[in-house]
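Presented below is the structure to which this report refers.
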Amino acid sequence: MSRRDQIRMSPDELAAYLDEQKVINVATIGPNGRPHLAPLWYYPHESGVATWTYGTSQKAKNLERDPRATVLIEDGESYEKLRGVSLEADVEVITDTAVVTQMGIQLMQRYAGAKPGDPVPDELTGFIGKQAPKRIGLIFRPTKIVSWDHTKLGGTY
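So in full-length UniProt numbering, the last spot in the sequence shown is 157, and the numbers never skip.
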């Protein structure tokens with residue numbers, strides 16, 4: 001078995017990893033043809049991830065031109081602890097304010113430590129309701145997934 005096969009995450013490991021991490025780095029293509037990188041909070045969605053951003057942001061403008069992105073999620077303080085996932089993705093841009101509101105609520109609930117289905121505080125609904133008209137939702141649908149978990153190597157290189 002190759003080292004690559006040894007470190008690849010299983011579908012269950014991948015789902016657990018996406019569930020435990022908090023930040024994605026999103027690469028889109030800027031107007032000058034160079035990658036544009038931006039960190040975002042996210043939540044797992046189907047086989048990929050979803051988030052929201054301001055509709056006037058550079059990443060939003062880039063995705064209007066070219067709805068493809070690469071998403072990186074990684075952690076680890078040393079080589080033997082490196083874990084991560086790279087998603088090449090087609091991006092669905094959501095502009096429906098009601099849907100964007102629900103995406104914002106799901107995102108903020110996750111970062112507040114709430115579980116899916118927990119009641120949504122009225123204050124959060126109000127805050128998100130004011131933010132949503134300025135934002136768009138982004139759903140990253142993977143076309144290619146590459147994962148690595150160096151902890152599977154038992155500390156060897």
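Idealized CB from N, CA, C, for every residue including glycine.
A quick note: this is a predicted structure, and the numbers were derived from the prediction, not measured.
Using a Cβ-Cβ cutoff of less than 8 Å, which residues in the same chain neighbour residue 66 once the five nearest sequence positions on both sides are dropped?
Here the set comprises 28 and 29.
Count the other C-beta atoms from every protein chain shown that fall within 10 angstroms of the C-beta of residue 59, then say buried if there are 16 or more, exposed otherwise.
Residue burial annotation: residue 59 is buried, with at least 16 other C-beta atoms found within 10 angstroms of its C-beta.
Is the CB-CB distance between residue 134 and residue 55 below 8 Å?
Yes, Cβ-Cβ distance for residue 134 and residue 55 is below 8 Å.
Which two residues bound the contiguous alpha helix (DSSP H) that contains residue 42?
Note, residue 42: premise wrong, no alpha helix (DSSP H); not H, not E.
From 34, 70 and 62, pick the residue whose C-alpha is nearest to that of residue 26; which is it?
Nearest of 34, 70 and 62 to residue 26, Cα basis: 70.
Am I right that residue 89 and residue 143 are in contact with their C-beta atoms under 8 Å? What's the rounded C-beta distance?
With 8 Å as the limit, residue 89 and residue 143 qualify as a contact, their Cβ atoms being about 6 Å apart.
Distance, Cα to Cα, residue 94 vs residue 47?
Approximately 17 Å between the Cα atoms of the pair.
Integer-rounded CB distance, given that residue 137 should sit under 8 Å from residue 52:
That belief holds up - the Cβ atoms of residue 52 and residue 137 are roughly 5 Å apart, short of 8 Å.
Rounded separation between residue 22 and residue 87 - CA only:
If I take the Cα positions, the gap works out to 15 Å.
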